[in-house]
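Asker:
Numbering (this note's numbering), first residue to last: 7 to 602.
#1: Rounded to whole angstroms, what's the CA-CA distance from residue 262 to residue 98? Just pull it up for me.
#2: So residue 265 packs on residue 275, CB below 8 Å; how close in whole Å?
#3: DSSP state of residue 515, grouped into three classes?
#4: Thinking just about the alpha-carbon of each residue, which of 148, 269 and 209 is nearest to the one in residue 179?
#5: Within its chain, find whatever has a CB closer than 8 Å to the CB of residue 259; leave out the 5 residues flanking it on each side and keep chain order.
#6: Can you say whether residue 144 is buried or exposed, counting buried as having 16 or more other CB atoms within 10 angstroms of its CB?
#7: Just list the residues that DSSP pairs residue 230 with in beta bridges.
#8: Going by alpha carbons, who is nearest to residue 426 out of 564, 298 and 158?
#9: In terms of DSSP beta bridges, what is residue 319 paired with?
#10: Which residues does DSSP pair with residue 285 in a beta bridge?
#11: Give me, in chain order, the residues of the same chain whose beta-carbon lies closer than 7 Å to that of residue 1; leave out the 5 immediate sequence neighbours on both sides.
#12: Could you check the C-alpha separation between residue 186 and residue 152 for me, to the nearest Å?
#13: What are the partner residues of residue 144, as DSSP defines its beta bridges?
#14: Going by beta-carbon coordinates alone, are residue 271 and residue 435 separated by less than 8 Å?
#15: Closer than 7 Å by C-beta to residue 95: which residues in its own chain qualify, once you throw out the five before and the five after it? Chain order, please.
#16: Output the distance between the C-alpha atoms of residue 223 and residue 216, rounded to the nearest integer angstrom.
#17: Strictly by DSSP, which residues pair up with residue 343?
#18: How many Å lie between residue 484 and residue 520 at the Cα?
#19: In chain order, what residues of the same chain have a beta carbon less than 6 Å from the beta carbon of residue 130, not counting five sequence neighbours either side?
#20: Go through its chain and collect everything with a Cβ distance to residue 104's Cβ below 7 Å, but skip five positions before and after it.
#21: For residue 284 versus residue 456, is the C-beta distance shorter than 8 Å?
#22: Counting only the same chain and skipping the five closest in sequence on each side, list residues whose C-beta sits under 8 Å from that of residue 403.
#23: Please check the pair residue 453 and residue 150, which I expect to be a contact at CB under 8 Å, by giving their CB distance rounded to whole angstroms.
#24: Of the residues 559, 421, 473 and 201, which one's Cα is nearest the Cα of residue 312?
#25: Does the count of Cβ pairs from the segment 410 to 421 and the segment 313 to 323 closer than 8 Å reach three?
#26: Could you please give the first and the last residue of the uninterrupted beta strand (DSSP E) stretch that includes residue 213?
#27: Would you mind listing the beta strand (DSSP E) stretches within the segment 439 to 506 that are 3+ residues and don't spill past its ends, in chain order?
#28: Looking only at its chain, what residues have a beta carbon closer than 7 Å to the beta carbon of residue 308, apart from the 5 residues adjacent to it on each side?
#29: In the DSSP output, which residue or residues are listed as bridge partners for residue 185?
#30: Return helix, strand or coil for residue 296, following the three-state DSSP convention.
#31: Within a Cβ cutoff of 8 Å, which residues of the same chain sit near residue 335, ignoring the five residues on either side of it in sequence?
#32: Could you give the residue range of the alpha helix (DSSP H) that holds residue 371?
#33: Considering Cα atoms alone, identify which of 292, 204, 249 and 199 is closest to residue 240.
#34: Count the other CB atoms within 10 Å of the CB of residue 157; is the residue buried (16 or more) or exposed (fewer)?
#35: Assign residue 172 to one of two classes, buried (16 or more other C-beta atoms within 10 Å of its C-beta) or exposed (fewer than that).
#36: For residue 266, which beta-bridge partners are listed by DSSP?
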């Protein structure tokens with residue numbers, strides 16, 4: 007009974023798992039569609055057309071059969087470009103199909119070979135190769151092994167004051183990524199800023215986005231902090247996220263990368279609106295924003311007589327007189343006995359008797375020819391050949407070289423460290439959020455993989471405005487991609503290709519229930535009934551014999567129960583008689599007492 011219940015639960019779980027991808031896709035599609043999105047229900051149109059054709063056929067004649075019904079096509083989502091609503095500093099969806107407003111760099115990269123120094127990598131505005139939303143265009147990095155640089159001015163410079171900074175954009179590594187980045191730079195507002203000369207050394211305020219080379223998956227958040235004492239800028243890197251970033255580079259899906267920096271110095275890094283890294287500008291950046299208040303004195307030197315040895319050899323110790331430093335570590339085993347049959351006169355190896363000197367062997371050049379050595383066949387049946395030697399064993403009297411024992415150093419002073427002095431470069435900036443204003447956004451990239459898709463750049467200081475833009479852009483992509491996702495089987499195969507150890511899990515979770523089901527079905531079969539003429543003395547009892555035996559057993563059990571009830575009744579009667587006898591004895595004693 008328990009086995010049947012377990013099998014039923016396993017089969018039910020399998021059905022639910024197979025249905026889950028479909029329901030998730032439908033839910034994603036419904037969630038992604040709002041009032042601004044048009045959905046063409048071709049199913050209703052097809053059915054209406056079929057009804058009209060049926061009426062026409064009925065009028066022409068009832069003998070003609072109606073055409074077979076067509077399979078309903080999947081609903082199509084009509085793409086509509088997102089429109090910024092609310093306070094924002096930059097919004098770009100590329101749905102105009104041009105690079106209007108963007109500036110291609112004409113500069114050359116310094117400290118690079120002439121062949122690759124130019125920023126001549128190609129950019130294009132086009133749809134994704136496997137787009138689920140016809141009409142949705144984006145910026146595509148088209149060249150591999152080239153420098154790319156493109157930028158665009160903001161509507162107005164962003165100044166860090168009392169409102170947060172929110173930047174978000176979409177990336178799809180359509181062809182995967184071998185080595186390259188997809189990060190953005192927020193270019194610092196300076197009088198020297200010239201977008202057509204945008205290079206790697208162009209000052210930026212923040213650099214943010216994914217980067218990968220080899221198996222090192224990164225999600226950068228770097229800001230340049232201005233030293234209030236020297237005026238110099240220094241890069242501050244956020245700590246590495248704890249989340250596994252691999253899938254964002256390999257699944258070939260569109261991902262939304264977002265950065266939120268708040269006036270209270272807190273920050274959040276999000277992927278697909280899920281926080282993957284967070285912290286504080288004062289505590290979680292490397293190197294720290296503020297230098298230490300004290301530093302080690304660079305002119306301080308360790309005294310010559312400073313003793314850092316915690317242990318020293320005991321100067322009063324002496325080597326014992328019986329200590330033999332010359333005793334060997336191993337000695338021959340005196341108890342060993344040469345095995346019987348040992349062939350002392352036979353060498354272990356002999357010259358190959360079948361070997362022949364090569365015809366081109368020149369003894370003047372090659373020396374005297376000797377046959378190659380082979381194991382002596384006479385030694386195969388013997389315990390050994392050649393001179394027998396006693397095996398070596400550890401010497402019980404071996405002590406090795408004598409060394410004085412170690413004792414605590416009475417002059418130990420600890421590990422020397424230079425003294426601390428006030429840091430002449432110390433400063434304390436408690437508001438690192440107030441970074442340098444920026445006035446443009448740019449992509450300055452090198453990649454060994456082409457077809458990196460960028461879309462829906464957005465910079466604002468209002469979280470709700472950013473969420474609306476994300477819902478209208480990335481949310482629609484997510485819904486369309488979710489509706490087109492493969493079933494559970496295809497997802498399992500894809501996952502197993504990336505992680506081969508999953509095959510073991512599949513065998514245990516799928517193969518084991520099938521084996522149990524097979525065993526259950528096979529072991530539950532009944533033997534075919536045989537005719538009375540087929541039974542022999544050695545055969546099992548016939549069904550009527552079995553019924554008689556069962557009736558006899560029931561009668562025996564009923565008789566046993568009746569006997570038990572009679573025994574209990576007799577015990578009760580005996581107990582009652584004894585009680586009556588005791589009562590009569592008590593009465594007689596009372597009567598005697600009264601007479602006396």
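Idealized CB from N, CA, C, for every residue including glycine.
Answerer: Concretely, from the data shown:
#1: Walking along the chain shown from the start, residue 262 turns up at place 256. Walking along the chain shown from the start, residue 98 turns up at place 92. Rounded to the nearest whole angstrom, the C-alpha separation of residue 262 and residue 98 is 14 Å.
#2: In the chain shown, residue 265 corresponds to position 259, counting from 1. In the chain shown, residue 275 corresponds to position 269, counting from 1. Residue 265 to residue 275, Cβ: 6 Å. Contact.
#3: The residue labelled residue 515 in the question sits at position 509 within the chain shown. Helix.
#4: Within the chain shown, numbered from 1, the residue matching residue 179 stands at position 173. Answer by Cα proximity: 148.
#5: For the purposes of this step, residue 259 is identified with residue 253 of the chain shown, where counting begins at 1. These residues qualify, in order along the chain: 178 and 487.
#6: Numbered from 1 along the chain shown, position 138 holds the residue referred to as residue 144. Looking at its Cβ environment, which holds 16 or more other Cβ atoms inside 10 Å, residue 144 is buried.
#7: Residue numbering aside, residue 230 sits at position 224 when the chain shown is read from its first letter. Looking at the DSSP assignment, residue 230 forms a beta bridge with 241.
#8: Against the chain shown, residue 426 aligns to sequence position 420. Of the listed residues, the one whose Cα sits closest to residue 426 is 298.
#9: By one-based count along the chain shown, residue 319 stands at place 313. Bridge partners of residue 319: 412.
#10: To locate residue 285, count along the chain shown from 1; it is residue 279. According to DSSP, residue 285 bridges with 273.
#11: Look at the range of the chain in this structure, 7 to 602, and you will see that residue 1 is not part of it.
#12: For the purposes of this step, residue 186 is taken as the residue at position 180 of the chain shown. For the purposes of this step, residue 152 is taken as the residue at position 146 of the chain shown. About 10 Å.
#13: Here residue 144 corresponds to residue number 138 of the chain shown, with the count starting at 1. 132.
#14: In the chain shown, the residue the question calls residue 271 occupies position 265. In the chain shown, the residue the question calls residue 435 occupies position 429. It is not a contact, given that the beta carbons lie outside the stated cut-off.
#15: The count along the chain shown starts at 1 and reaches residue 95 at position 89. Result list for residue 95: 160, 161, 162, 164, 465 and 466, in chain order.
#16: Here residue 223 refers to the residue found at position 217 when the chain shown is read from its first residue. Here residue 216 refers to the residue found at position 210 when the chain shown is read from its first residue. So the alpha carbons of these two residues sit roughly 8 Å apart.
#17: As a position in the chain shown, residue 343 is number 337, starting the count at 1. Paired residue(s): none; residue 343 is not in a bridge.
#18: As a first step, residue 484 is located in the chain shown; it is residue number 478 there, counting from the start. As a first step, residue 520 is located in the chain shown; it is residue number 514 there, counting from the start. Roughly 36 Å separates the two Cα atoms.
#19: Indexing the chain shown from 1 puts residue 130 at position 124. If we look at residue 130 and ignore the five residues flanking it on each side, its Cβ neighbours are 146 and 148.
#20: Stepping through the chain shown from its first residue, residue 104 is reached at position 98. Result list for residue 104: 131, in chain order.
#21: As a first step, residue 284 is located in the chain shown; it is residue number 278 there, counting from the start. As a first step, residue 456 is located in the chain shown; it is residue number 450 there, counting from the start. Not in contact: residue 284 and residue 456 (Cβ atoms no closer than 8 Å).
#22: Translated into positions along the chain shown, residue 403 becomes position 397. Cβ neighbours of residue 403 beyond the five flanking positions: 330 and 333.
#23: Residue mapping note: residue 453 aligns to position 447 of the chain shown, counting from 1. Residue mapping note: residue 150 aligns to position 144 of the chain shown, counting from 1. Their Cβ separation, rounded to whole angstroms, is 6 Å, which keeps residue 453 and residue 150 in contact under 8 Å.
#24: The count along the chain shown starts at 1 and reaches residue 312 at position 306. The shortest C-alpha separation from residue 312 is found at 421.
#25: yes
#26: Residue numbering aside, residue 213 sits at position 207 when the chain shown is read from its first letter. First-last of the beta strand (DSSP E) with residue 213: 210 to 219.
#27: You should have 444 to 453 and 458 to 466.
#28: Looking up residue 308 in the chain shown gives position 302. Closer than 7 Å at Cβ, skipping near neighbours: 422.
#29: In the chain shown, counting from the first residue as 1, residue 185 sits at position 179. For residue 185, which the question treats as bridged, DSSP gives the partners 219.
#30: For the purposes of this step, residue 296 is taken as residue 290 along the chain shown, with counting starting at 1. Residue 296 falls in the coil class under three-state DSSP.
#31: Here residue 335 is taken as the residue at index 329 of the chain shown, counted from 1. For residue 335, where only same-chain residues beyond five positions count, the Cβ hits under 8 Å are 400, 401, 404 and 406.
#32: Position 365 of the chain shown, counting from 1, holds the residue named residue 371. Here the alpha helix (DSSP H) through residue 371 covers 369 to 372.
#33: As a position in the chain shown, residue 240 is number 234, starting the count at 1. It is 292.
#34: Locating residue 157 in the chain shown gives position 151, counting from the first residue. Residue 157 is buried by the Cβ-count criterion.
#35: Residue numbering aside, residue 172 sits at position 166 when the chain shown is read from its first letter. When all chains shown are included, residue 172 counts as buried.
#36: For the purposes of this step, residue 266 is taken as the residue at position 260 of the chain shown. Answer is 172 and 274.
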